[in-house]
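Notes to accompany the following structure.
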Amino acid sequence: MVLEEMITREIKIQGIVQGVGFRPFIKNLADSLNIKGSVTNTSQGVIIKANLWDEELSKFIKKIKEKAPVLSHIVDIEVKDIEHIDFKEFSIENSENLGGITLIPPDMAICNECRDEILDIGERRFFYPFTNCTNCGPRYSIIEKLPYDRINTTMKEFEMCDECEKEYRNTSDRRYHAQPIACSSCGPKVMLNFKGRIIENQEEAFKRVADYIDNGGIVAVKGLGGYHLICSAEQDEAVLKLRQLKKRATKPFAVMAENIQTIKRYAVVPSSVEEMITRPESPIVIFEWFRRPFSDYVAPDSNKIGVMAAYTPLHVVLFQFMKTKFIIATSGNHKDEPIAKNQEEAERNLSEFTDVFLHHNREIFQRVDDSVCALTDYGYILFRRARGYAPYPVALKSESQEEIFACGANLKSSLLFYKQGFAFLSQYIGDLDNIETEQMYGEVHNNMQSLFNIYPKVAVVDYHSQYRSTMFAEKRYKKIYKVQHHVAHFASNLAENSYYGNAIGIVMDGFGLGVDNLGWGGEIFIKEKNQVKRHCHIKNYVQPGLDSAAKNPVRMVISYLYSENLLDKILPKLIEAGYTTEQEVSLIKLAVDRKLNSIETSAAGRLFESAGSLTLFKRSNEYEGELAVLFENLTFKECNRQYEFIYEDNEIKLHKAFEEMVEDIINNENKRIISSKFHNGMVEVLYKICLDLREKYNLSTIAFSGGVMQNIYLSSKLYDKLSSNGFQVLTHKKVPANDAGIALGQVYCYLNQIVLKY
1 MVLEEMITRE
11 IKIQGIVQGV
21 GFRPFIKNLA
31 DSLNIKGSVT
41 NTSQGVIIKA
51 NLWDEELSKF
61 IKKIKEKAPV
71 LSHIVDIEVK
81 DIEHIDFKEF
91 SIENSENLGG
101 ITLIPPDMAI
111 CNECRDEILD
121 IGERRFFYPF
131 TNCTNCGPRY
141 SIIEKLPYDR
151 INTTMKEFEM
161 CDECEKEYRN
171 TSDRRYHAQP
181 IACSSCGPKV
191 MLNFKGRIIE
201 NQEEAFKRVA
211 DYIDNGGIVA
221 VKGLGGYHLI
231 CSAEQDEAVL
241 KLRQLKKRAT
251 KPFAVMAENI
261 QTIKRYAVVP
271 SSVEEMITRP
281 ESPIVIFEWF
291 RRPFSDYVAP
301 DSNKIGVMAA
311 YTPLHVVLFQ
321 FMKTKFIIAT
331 SGNHKDEPIA
341 KNQEEAERNL
351 SEFTDVFLHH
361 NREIFQRVDD
371 SVCALTDYGY
381 ILFRRARGYA
391 PYPVALKSES
401 QEEIFACGAN
411 LKSSLLFYKQ
421 GFAFLSQYIG
431 DLDNIETEQM
441 YGEVHNNMQS
451 LFNIYPKVAV
461 VDYHSQYRST
471 MFAEKRYKKI
481 YKVQHHVAHF
491 ASNLAENSYY
501 GNAIGIVMDG
511 FGLGVDNLGW
521 GGEIFIKEKN
531 QVKRHCHIKN
541 YVQPGLDSAA
551 KNPVRMVISY
561 LYSENLLDKI
571 LPKLIEAGYT
581 TEQEVSLIKL
591 AVDRKLNSIE
601 TSAAGRLFES
611 AGSLTLFKRS
621 NEYEGELAVL
631 FENLTFKECN
641 RQYEFIYEDN
651 EIKLHKAFEE
661 MVEDIINNEN
671 KRIISSKFHN
681 GMVEVLYKIC
691 LDLREKYNLS
701 TIAFSGGVMQ
711 NIYLSSKLYD
721 KLSSNGFQVL
731 THKKVPANDA
741 GIALGQVYCY
751 LNQIVLKY
């Protein structure tokens, strides 16, 4: 009678369930509950077949959700009854390719168990730099095709030894079916090219590299997703040499320490920052350092410095041989080029930086840079989404069976493939202004297309026809759907928050081409159903020199002040400070009057860069947005004063704010007060606009997006003000607010047929 009541169920689990120890977890759970059946990896997810009563089924699924492996992420569980199977035990079956969607796990930092193991002289993996298990190690960077089995990864070159094979087959071992499993007997090895001398002895290689770094040298080190250029962060000469070679005058470097304990020994680390640093994703976390245990040249103009803990066993082992506690670990590339991923690229492209290369022979299939994040009043935000996060998808609600490619933007580029409710956003690629990055863009496009088996007929592109990403799509896809740049920003926030209702969009960003062929970028949108309306924007000003104005904010400063009849008042002080000349001013005034080689723009990015430029008397950005970043760094929360930005005629007027700012500069007001007043004034005018829209349109949900909304002071203060006054505020967490998130917004607009009413 009992057997007649038993029903064979098929349970399909979708999500990050491959390469994370999910099948042995299911087997051990089933055994503990005396459940008979089987579990297998398929290209549609993990499929369990088991004989279960209704009560057992509920208990089984509940425990799966509660106790799933730490690196797994369950998106959906489907259950159906199938023809009865007489199971005698619970077994793990071989992988199957059934078509459909498989979610690929990102690369993850070394787990505590593996870290302890490689530092234990009694363990067979003592100091082994490629140690991993189902809870950590390479995933996305080594997967060539699905299903995720060793034969389909770059680890296929390494045949397991007997000891590794035992662990791999043992369902109670944390290395059960860990596809990159390896040890010193059978796995990858490092090889040092030390100024032309090849050293293959593992211990000697690490000792040589450590000694070279301790003595001020620069080394190219192959890591998880590409090469780093590494030097001591504690020696001025080493840091200055790296700056000179990288042509990176002031942009802060990120530093790496062995572990969180080292970081806490020298810095006040908020608990939220510690949590991010020690997460399996192990991003670079930017936070404020009040006392530096390393060179001031690491970040010469800022106390906000990015730090990460050693996230691979190779880095952990290297620290055991070094006296240096903090190293710079910066991307192994020339400015704006992709990181090197193999020995040939490294020795060809990085030879200007060093003649010491620590290679290894585990091939990198997908190059993946380090992710970067920071903490705000409303949680963490991603500046760069790469290692640890890509290619994890964003789930979108849609009935569409259409496969879609979204090409993203031209700067901070990422691309996206959509299929069956999943938007697979690529890792950070970079600025598409050189052939090498364009080639990487094509490489990532082709790899993801093949990996996820997605071959769309339609491409969603930016409205700007001269974007390299747009041109790439137009060459390869017949059906093209255009989305305005800042509407895509707004939509990317809505997409990651699974929000489909009416909302206000605050998009403070850099230049993007508007449908009126002017530069947009300081926008307040209203979304009602599938219609987006541009409600108001920062007042337009002439941008002299087009893109060169972003490099040289002095041009926009003169344009703003001249247009508002404020230039003559402050010009003597600007000339005296060496900020500009009479000749330059005359040329820019002529360009503004006649609109020569210029375009009108409302871009908030230009506004904040210009405010920083004027306050600091610095003419140009050494890196993108530098002066806006330095301007933000001057703010302090204790200042409640503000400049007056005026909201009228569907514009944010700047005259009064600039008038007050000019007066303060002439009177030598403290720069920190000037910056705080500017930021506070912008917060206040945006808040007033939202109050007005709530009253007129009954809208109380607000979405922040755009690169300027990564200004932590601005976005945090605005978030606090709005949320404490009854607004629901949606923010970015899964994707960056900058242009790296554009592709997600593009596909959201296509799926929901969002129409811009201008």
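In the UniProt record's numbering, the protein residues as written are 1 to 758. C-beta: ideal position from N, C-alpha, C; glycine also.
Quiz item: Just checking my contact of Leu224 with Arg387 at CB under 8 Å: how many whole Å lie between their CB atoms?
Solution: Going by Cβ atoms, the distance from Leu224 to Arg387 rounds to 7 Å, so yes, they are a contact pair.
Self-check item: Contact check, Leu396 vs Cys407, beta carbons under 8 Å
Solution: no
Quiz item: Would you say Val444 and Val460 are within 8 Å of each other, going by their C-beta atoms?
Solution: At the C-beta level, Val444 and Val460 stay beyond 8 Å of one another.
Practice problem: Following the continuous alpha helix (DSSP H) through Pro572, name the residue where it begins and the one where it ends. | Solution: Leu567 to Glu576
Practice problem: Rank Ile74, Lys80, Pro280 and Lys145 by C-alpha distance to the C-alpha of Glu113 and give the top, closest one. | Solution: Pro280
Quiz item: Distance, Cα to Cα, Val2 vs Ser38?
Solution: Unreliable positioning characterises Val2 in this predicted model, as indicated by a pLDDT of 45, which lies under 50. A coordinate reading is not provided.
Self-check item: 4-residue-minimum alpha helix (DSSP H) runs that sit fully inside the segment 583-621, ordered along the chain
Solution: Runs found: 604-616.
Quiz item: Is the CB-CB distance between Thr701 and Tyr719 below 8 Å?
Solution: Their beta carbons are not under 8 Å apart, which means Thr701 does not touch Tyr719 by this criterion.
Practice problem: Measure the Cβ-Cβ separation of Glu352 and Leu245 and say whether it is below 8 Å. | Solution: Yes, these two residues count as a Cβ contact at 8 Å.
Exercise. Please state if the CB of Ile142 and the CB of Pro180 are separated by a distance shorter than 8 Å.
Key: Taking 8 Å as the cut-off, the beta carbon of Pro180 is found closer than this to the beta carbon of Ile142.
Quiz item: Between the segment 260-278 and the segment 196-204, are three or more C-beta pairs nearer than 8 Å?
Solution: no
Quiz item: Near Arg672, what residues of its chain come up, given a Cβ to Cβ distance below 8 Å and the 5 sequence neighbours on each side ignored?
Solution: Hits under 8 Å: Leu634, Thr635, Phe636 and Cys639.
Quiz item: By DSSP, does Lys478 sit in helix, in strand, or in coil?
Solution: Annotated three-state conformation of Lys478 is coil, per DSSP.
Quiz prompt | Cβ-based burial, Asp86 [other Cβ within 10 Å; buried from 16] | solution = exposed
Quiz item: Straight-line CA distance for Asp433 to Lys478?
Solution: 24 Å
Quiz item: Under 8 Å, do Pro252 and Ala299 count as touching if we go by C-beta distance?
Solution: yes
Quiz prompt | Residues of its chain near Tyr623, where Cβ-Cβ distance is below 6 Å and the 5 sequence neighbours each way are ignored | solution = Lys251
Quiz item: Which of helix, strand or coil does DSSP assign to Pro24?
Solution: Annotated three-state conformation of Pro24 is helix, per DSSP.
Exercise. State the start and end residues of the unbroken alpha helix (DSSP H) segment that holds Leu630.
Key: Here the alpha helix (DSSP H) through Leu630 covers Glu626 to Asn633.
Practice problem: Grab the span of the beta strand (DSSP E) containing residue 767 for me, first residue to last. | Solution: With the chain represented from 1 up to 758, any question about residue 767 goes unanswered, as that position is not in the structure.
Self-check item: Proximal residues to Glu438 (C-beta, below 7 Å), its chain only, five neighbours per side dropped
Solution: Leu432 and Arg468
Quiz item: Taking DSSP as the reference, what is the three-state secondary structure of Gly745?
Solution: Gly745: helix per DSSP, three-state reduction.
Quiz item: Who are the near neighbours of Asn193 in its chain, counting only those whose CB is closer than 6 Å to its CB and skipping five residues on each side?
Solution: Phe357
Quiz item: Among the residues of its own chain, which have a CB less than 8 Å from the CB of Leu722, if the five just before and after it don't count?
Solution: Tyr687, Cys690, Ile702 and Val729
Practice problem: Identify every residue that forms a DSSP beta bridge with Pro544. | Solution: Pro544 pairs with Ser598.
Self-check item: In DSSP terms, what Gln343 is bridged to
Solution: BP columns for Gln343 are empty, so no partner.
Quiz item: So what does DSSP say about Lys734, is it helix, strand or coil?
Solution: coil
Self-check item: Span of the alpha helix (DSSP H), counted from its first residue to its last, around Val298
Solution: Boundaries cannot be given for Val298, as no alpha helix (DSSP H) includes it and DSSP labels it neither H nor E.
Practice problem: Using three-state DSSP, classify Asn193 as helix, strand or coil. | Solution: strand
Practice problem: Evaluate Leu596 with the Cβ neighbour count: other Cβ atoms within 10 Å of its Cβ, from every protein chain shown; 16 or more gives buried, anything less gives exposed. | Solution: exposed
Quiz item: Can you tell me where the alpha helix (DSSP H) with Thr153 in it begins and where it stops?
Solution: From DSSP, Thr153 is part of no alpha helix (DSSP H); its letter is neither H nor E.
Quiz item: Should Asp547 go down as buried or exposed, given a rule of 16 or more other Cβ atoms within 10 Å for buried?
Solution: By the Cβ-count criterion, Asp547 is exposed, with fewer than 16 other Cβ atoms from all chains shown falling within 10 Å of its own Cβ.
Exercise. Figure out for me which residue from Ile435, Met448 and Ser400 has the closest Cα to the Cα of Pro393.
Key: With distances taken between Cα atoms, Pro393 lies closest to Met448.
Quiz item: For Ala491, does the three-state DSSP call read helix, strand or coil?
Solution: helix
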